[in-house]
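Take a look at the structure set out below.
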Amino acid sequence: MKIKVNGEAKNIKDDVTVTEMLKIEEVEMPDMVSVQLNGEFVDRDEFTKTILKENDEIEVLYFMGGGSLGL
Amino acid sequence: MDFSEEQIERYSRHILLSEVGVEGQEKLLNSKVLIIGTGGLGAPAAMYLAAAGIGTIGLVDGDVVDLSNLQRQIIHQTKDVGKLKVLSGKATINELNPDVNVITYNEFATSENILNIIKDQDYDFIIDGTDNFAAKFLINDACVLAKKPFSHAGIIRFQGQLTTYIPDNNTPCYRCIFQTPPPEGMVPTCREAGVLGVMGGVVGTLQATEAIKYILGLGQTLAGYLLTYDGLKMEFKKIKINHNKKCGVCGDHPTITALIDYANPSCDLKTGKLNG
C-alpha cells in the first residue's frame, strides 16, 4: 500500500503497525520519536496497536535535546 | 519615548524597515525577553536580541563557563572560563548594547523557582535554550500554566528543531508533540551525541527571530509548526502540527496542574558516563 512518511511517498506491505513502520523506515531509536498520523498524534503506547491504512500520512518527529550534551 | 541621536544611528537599519520603524524599535526597547540557558542556543539568541535593542533580557543559568562551551556558546569568551555564565553573558551584552537592562538568575530552572522567575519582570516572551528534556518539559508546562509565549528548540549533532507556543487554545505545546520525556536509558550517551557548534547559531538565531516577530506582531510565527533543520542535507522542513486533545497540560482534560521535576541525568564528559 502507498503511504507518505515525512512527505515522502512510500510503498509498503499492507496492515503494518506504527511500530513495524518505524522498523521498516530504519528509525534508529523508536522510543525517541513522536508520530503524527493524518494530523493526529499517536500515543506512544498505541504504536504497537495502530495499524496503518492506504494513503495514510505520517510524520515522524524526533526528540532533540539542547545545546551541549544532547541529553 | 525620545530616541537619542546615538540610538537613531544604532537602530537605523531597523528603523529603515517600514514594518519596524521608530514605533517598532520603541516596542523592542520596551519589551522583556527571558532566556533560560545561556548555552549553544541561548548564547546566540541573547546576542541578537541584545543587538536588536530588547530593553530587558533575563538570563537564567546556574552553571559556570567551561572551556568546552566555547566551541558554540559565543556569548562567553576564553577569559570567562570559570566565571558564572549569567555574569559572563551580562558583561558581553552590556558591552554590545548599553541600552539593555540585563537581569541575572544564577540558578537552574526548577519547579520551585520557574514561575517566580517568569513573573519577576512579567516577561513578554521566553526562550528555551536548555540542553535537557527535564528542563524542556518544565519550561513548557510553566509557560502553558502562566499563559506565556515561548520558543522551544533542540539541537543534536547536525540537526535542530524549533516551534513557537502562543497561549491560545489552538496552538500545540511541546507536550502536545512529545507527551512525556523519553524513557530513561534511551537518552543517548555523551559520546554518541556531540553537536556541530554552528547548529546553535542557526537555531538560536531563529528563536530570536520568533521573539522579535512576536513582539512586533510581524509575519507568521512557528505556532502550529515544527521547523526541522538538517545541516548535512542543508534542508529545512516545516511540519504542520496540531493541538493534541489528549495533551497532559493543555488538552481537554489536563492532568498536569502543578510543575514536575523529572529526573535529569547529568553527564561527565571526560568519562562519558551518565550520572542519574
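If you read the sequences in order, they're chains A and B.
First residue of the first sequence: 1473, per the working numbering; consecutive thereafter.
First residue of the second sequence: 182, per the working numbering; consecutive thereafter.
By construction, the Cβ of each residue, glycine as well, lies at the ideal position given by its N, Cα and C atoms.
Please read all numbers here as calculations on a predicted model, not as lab measurements.
| Query | Result |
| --- | --- |
| For a cutoff of 8 Å on Cβ pairs, would you count LEU407(B) as touching chain A? | yes |
| Of the residues that make up the segment 1508-1530 of chain A, which ones have a beta carbon closer than 8 Å to any beta carbon in chain B? | GLN1508, GLY1511, GLU1512, PHE1513, ASP1515 and ARG1516 |
| Going straight from the alpha carbon of LYS426(B) to that of ALA290(B), what length do you get? | 27 Å |
| Leaving out five residues on either side along the sequence, give the residues of the same chain with a beta carbon under 6 Å from the beta carbon of GLY400(B). | LYS394 |
| Name, please, each residue of chain A whose Cβ falls closer than 8 Å to the Cβ of GLY341(B). | MET1536 |
| Report yes if the CB atom of PRO353(B) is closer than 8 Å to the CB atom of ILE441(B), and no otherwise. | no |
| I need the straight-line Cα distance from ASN211(B) to LEU387(B), nearest angstrom please. | 21 Å |
| Return the residues of the segment 1474-1507 of chain A that lie within a Cβ-Cβ distance of less than 8 Å from chain B, sorted by chain order. | ASN1478, GLY1479, MET1501, ASP1503, MET1504 and SER1506 |
| Ordered along the chain, which non-local residues of its own chain (more than five positions away) have a Cβ less than 7 Å from that of LYS271(B)? | LEU240, VAL283 and THR285 |
| Is the beta carbon of GLY243(B) closer than 8 Å to that of ASN287(B)? | yes |
| Taking Cβ positions, are GLY310(B) and LEU209(B) nearer each other than 8 Å? | no |
| What does the Cβ neighbour count give for LYS260(B), buried or exposed, with the cut at 16 atoms within 10 Å? | exposed |
| Measuring straight from C-alpha to C-alpha, what distance separates PHE318(B) and PRO362(B)? | 7 Å |
| Indicate whether at least one CB of chain A lies closer than 8 Å to the CB of GLY335(B). | yes |
| Buried or exposed: which applies to CYS371(B), given that a residue is buried once 16 or more other Cβ atoms fall within 10 Å of its Cβ? | Interpretation of CYS371(B) is limited by its pLDDT of 44, a score under 50 that renders its predicted location unreliable; no figure is taken from the coordinates. |
| Between ALA334(B) and the rest of its own chain, which residues show a CB-CB distance below 6 Å, the 5 nearest in sequence each way excluded? | LEU222, LEU343, VAL384 and GLN388 |
| Is the separation between the beta-carbon of GLY382(B) and that of PRO279(B) shorter than 8 Å? | no |
| Could you spell out the range, first to last residue, of the beta strand (DSSP E) harbouring LYS213(B)? | 213-217 |
| Please find out if some non-hydrogen atom of the ligand ZN comes closer than 7 Å to the beta-carbon of MET1536(A). | With respect to small molecules bound, the structure shown includes none, and the ligand ZN cannot be examined in it. |
| Comparing the C-beta of ASP261(B) with each C-beta of chain A, is any distance below 8 Å? | no |
| Could you tell me the boundaries of the alpha helix (DSSP H) in which ASP322(B) lies? | 314-327 |
| How would you list, in chain order, the residues of chain A whose beta-carbon sits under 8 Å from the beta-carbon of CYS357(B)? | PHE1513 |
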